[in-house]
Amino acid sequence: MQFNRRTISQFLAVASLLLILSLVRSYWLVHQQITAAINQSYLNNNTTLVTGDFLSNLDQQLSDSRPFTFGHPLLSSIVTQVSIQHVKSRLVEESVAPWFSLAVNAHFADQRINTQLNLAYKVSWLSLTLYTLLVFLSLNLLVAAFPNARKQKLVNWSNRLQKIGFRKSQAKFFANKLNASNAGTQQQCQWVMTENLVSERTWLIEYLLNAPLSALQFSWLKLALSKNFSAKEAIKIATSTDELEIDLTNRQVKIHGLTCQLKITPLIYYYWYAQKQKDNLGAYINPAINKPDREQGQYLAELMQQYDGHKKAINDLLENGLKGKTLDQNRNKIKEELTQQLGDLAENYLFDSRRDGRTARYQHWLKLAAEKITLKV
Amino acid sequence: MSEHLYISTSKLIFVGIVAALSMWFFTLHQPQQSIQLRLSQHSCLTNNTQTNESLNLYIPTNYNSQKLAENLCSNSEIAKSYHQVIINWQPRKHIGSETILAQAYDLIWLRDYRMQGLAPDYKSIYQPLVELASYDIQWYSHSAILSLDKSFFAQKKIGLIDDPASLSTYQLPLTQLRQMNVDESQIMYCANYQSLIQKFLNHQLDIIPSISSISALKGWPLAQQAVLAQNRPMGNWYVSNQVDLKLHGVLTEQVEHYLQALQISQNKF
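If you read the protein sequences in the order shown, they are chains A and B.
Just so we're aligned: the first sequence equals residues 687 to 1063 in the working numbering.
Just so we're aligned: the second sequence equals residues 423 to 691 in the working numbering.
Following this line, the structure appears as structure tokens:
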């Protein structure tokens, strides 16, 4: 048990409950005694006329009466003494009696005497403190004795968070947050905690808890981290838009904010396919084996010359035109190189294919929608 | 998860029960004395603090009793001998032989036969101070009374007071009703005189017995009255021989003044 704000408020809550209950109970006892006394005296003399004199006599006797004192089997009761300070009795018409009334109601013949009392309570603060302490301690021990799954979980989280460098108060705060977050976020944080190589893990966990990532985004984060990016850069990559940027000048592609390297020949072909996608020309059908595409061969050769491509590839295109086999080879190279760098995440940036119904030859196109592609020359 | 729920629910219930029980125990309050009210008496103090003597009076009703007490207290003659005046009007059945023999009251208003019955030799310790004239008891009705018989009382709600010691509103009328074989389920017993008169005036009762000097019934149509009994003793005021003879004059004066307020005439003694 720790003495923090929560403990103090629990203690105060118990104390005020005890005090309120004591006041209510002692009031109730006084109420009962006065009612009984009036009724008793009435039984003793039922011929009494209820007059103003009679009521003021009753008031006088009640206010002159000795204070009511109370005891408790343990020490002393919380309310030790109740004295009557001010009494006002009046006659009320016989009607339906209220189920609860703070005033004393006594029946006299056909009339009801309603006696309003102002009571002064003498409280033993020592008893109140001691009893509060007893109740508070026993309840806390009882609660502690019970297994508490949620609390255990929180402690576990908190310990693990402290181990990776959170301060104690922070760890508690984020453990609560972790516990409240969904299973996906919990898994992501757990992964971050176990990954010893990742730097700035505390920052990363704080970020993940404040702005949860989708499963796909988290895959990107893992990829970026595996490439030794800092946590901040990795988050930037993970939260990038789903975009492909092909930059011929710098001979690189940028996928989902992550820069990838491609050799110049596959890069040119990648660019060429992307251009087709952007120009909305439909899927390009592989040229027939006996009839290479001279026109596209010429275009590709010029592109390669412009960006310092391999001489051999340029000559081949100029002499023989664009062949289906060359296209297949280069697509495979793109796939190979991107998969090597991006793993399964490369899949969305590769090709789809279908056999053309009329020519029975294959046609290929980029899976990525045209508006997600940027070309830089 | 269901196990978790089971554990936390049972824990909540258990801790709740323990909390409630301990709260109940620690807020126990045991009353260490009980209050006793003496609502059948009025008292007041004179300005004499030299003595502890009190002047005790017994009267059968608390009507105007506070006024009587105050008048006695403010009287300088009485203040010379007494510190306080206590007027008691407890039910007549509580007045026993012991009360008379011990001279618990310095001044008593009772009927002669009752004093006689309680202490046949009462005259050696009490003497009459004021003797009251006898009085008549009438039936009062909301309809004209042609003849007092069973057929007249049929279907009528009859009011009496639930005090067997009362001559005018219990003993005499009940005896008469029984002689006429009136169905006793027609009788409604009221707690006191106030309530009897009030219920009659509210038409909750059709017919009641009463002494004729009640102001609320003054001027009641004669056709709606009938004699129940006549010349009944109203009792006398007796003074104890413990009381100084010099005070008799003052006490007589005060009693007469009080009886005037009650509209009861007395024979000068």
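Ideal Cβ placement from N, Cα and C applies to all residues, glycine included.
Fill in: Rounded C-alpha distance that separates P453 (chain B) from L805 (chain A)
16 Å
Practice prompt. Name the residue from B:L623, B:S556, B:E553, B:I636 whose alpha carbon lies nearest to the alpha carbon of I580 (chain B).
Written response: B:L623
Discussion item. How far does the alpha helix (DSSP H) with L840 (chain A) in it extend, from its first residue to its last?
Written reply: 835-849
Item to complete: Using three-state DSSP, classify V809 (chain A) as helix, strand or coil.
Response: strand
Worksheet item: Any beta-carbon of chain B closer than 7 Å to the one on T766 (chain A)?
Response: no
Fill in: Neighbour flag for V437 (chain B) against chain A, beta carbons, 7 Å
yes
Fill in: Cβ contact (3+ pairs, closer than 8 Å) linking the segment 439-458 of chain B and the segment 838-845 of chain A
no
Worksheet item: How should A897 (chain A) be labelled, buried or exposed, when 16 other C-beta atoms within 10 angstroms of its C-beta is the threshold for buried?
Response: exposed
Worksheet entry | Contact with chain B by L727 (chain A), beta-carbon distance below 7 Å | Sequence check: residue 727 (chain A) is Ser here, not Leu. Chain B contact via Cβ: present.
Practice prompt. Return yes when at least one heavy atom of the ligand SAM lies under 6 Å from the C-beta of D534 (chain B), else no.
Written response: What this structure holds is no ligand at all, so the ligand SAM is not there to describe.
Worksheet item: Where DSSP assigns a beta bridge to Q549 (chain B), which residues make up the other side?
Response: B:V661
Worksheet item: On the three-state DSSP scale, how would you describe D928 (chain A)?
Response: coil
Discussion item. Just to make sure I have the definition right: I need the residues of chain A whose C-beta is within less than 9 Å of the C-beta of N474 (chain B). Which are they?
Written reply: Per Cβ cutoff of 9 Å: no residues; N474 (chain B) is ~18 Å from chain A at best.
Discussion item. Beta carbons nearer than 9 Å to chain B: which residues of the segment 1008-1021 of chain A have them?
Written reply: none
Practice prompt. Give every residue of the same chain whose Cβ lies closer than 8 Å to the Cβ of A1056 (chain A), excluding the five residues on either side of it in the sequence, and list them in chain order.
Written response: Q963, K964, N966
Practice prompt. Flag I457 (chain B) as yes if its beta-carbon sits less than 7 Å from any beta-carbon of chain A, otherwise no.
Written response: yes
Worksheet item: Who are the near neighbours of M687 (chain A) in its chain, counting only those whose CB is closer than 8 Å to its CB and skipping five residues on each side?
Response: Below a pLDDT of 50, predicted positions are generally treated as unreliable, and M687 (chain A), at 49, falls in that range; the measurement from the model is reported next regardless. So the qualifying residues of the chain are T693, N826, A830.
Worksheet item: Terminal residues of the continuous beta strand (DSSP E) containing Y527 (chain B)?
Response: Unbroken run through Y527 (chain B): none, as it is neither H nor E.
Item to complete: Classify D1014 (chain A) as buried or exposed, calling it buried when 16 or more other Cβ atoms lie within 10 Å of its own Cβ.
Response: exposed
Discussion item. In the DSSP assignment, the beta strand (DSSP E) including M610 (chain B) goes from what residue to what residue?
Written reply: 609-612
Fill in: Among A:G1029, A:F1037, A:S749, the one whose alpha carbon lies nearest that of N1018 (chain A)
A:F1037
Worksheet item: Considering only C-alpha positions, which residue in the set B:M537, B:N510, B:Q616, B:W531 is nearest to L523 (chain B)?
Response: B:M537
Worksheet item: Based on Cα-Cα distance, which residue from A:Y955, A:L820, A:Y893 lies nearest to L995 (chain A)?
Response: Leu is not the amino acid found at residue 995 (chain A); the sequence shown has Gly there. Of the candidates A:Y955, A:L820, A:Y893, the one whose C-alpha sits nearest the C-alpha of G995 (chain A) is A:Y955.
Practice prompt. Pull up the distance between the alpha-carbon of A910 (chain A) and that of F859 (chain A), whole angstroms please.
Written response: 28 Å
Worksheet entry | Minimum length 4: unbroken alpha helix (DSSP H) runs contained in the segment 917-999 of chain A | 917-924, 950-964, 980-992
Worksheet item: Mind checking whether Y611 (chain B) and L582 (chain B) have CB atoms under 7 Å apart?
Response: yes
Item to complete: Return the CA-CA distance between V710 (chain A) and L459 (chain B), expressed in angstroms with no decimal places.
Response: 24 Å
Practice prompt. For the beta strand (DSSP E) holding N791 (chain A), just list the boundary residues, first then last.
Written response: 790-794
Discussion item. Checking 7 Å against the spacing of the C-beta atoms, do I941 (chain A) and Y957 (chain A) come in under that value?
Written reply: no
Item to complete: Compute the Euclidean distance between the alpha carbons of Y548 (chain B) and Y807 (chain A), then round it to the nearest angstrom.
Response: 50 Å
Worksheet item: How many Å lie between N882 (chain A) and T888 (chain A) at the Cα?
Response: 12 Å
Worksheet item: When the Cα atoms are used, what is the spatial distance from P753 (chain A) to I439 (chain B)?
Response: 34 Å
Practice prompt. Show which residues of chain B have a CB atom less than 7 Å away from the CB atom of Y817 (chain A).
Written response: F448
Practice prompt. Label D585 (chain B) either buried or exposed according to how many other C-beta atoms from any shown protein chain fall within 10 Å of its C-beta, with 16 as the threshold for buried.
Written response: buried
Discussion item. Given this structure, state the Cα-to-Cα distance separating G1029 (chain A) from G968 (chain A), to the nearest angstrom.
Written reply: 28 Å
Practice prompt. Assuming N603 (chain B) and A526 (chain B) form a contact by the criterion Cβ under 8 Å, report the distance between their Cβ atoms to the nearest whole angstrom.
Written response: With 8 Å as the limit, N603 (chain B) and A526 (chain B) do not qualify as a contact, their Cβ atoms being about 43 Å apart.
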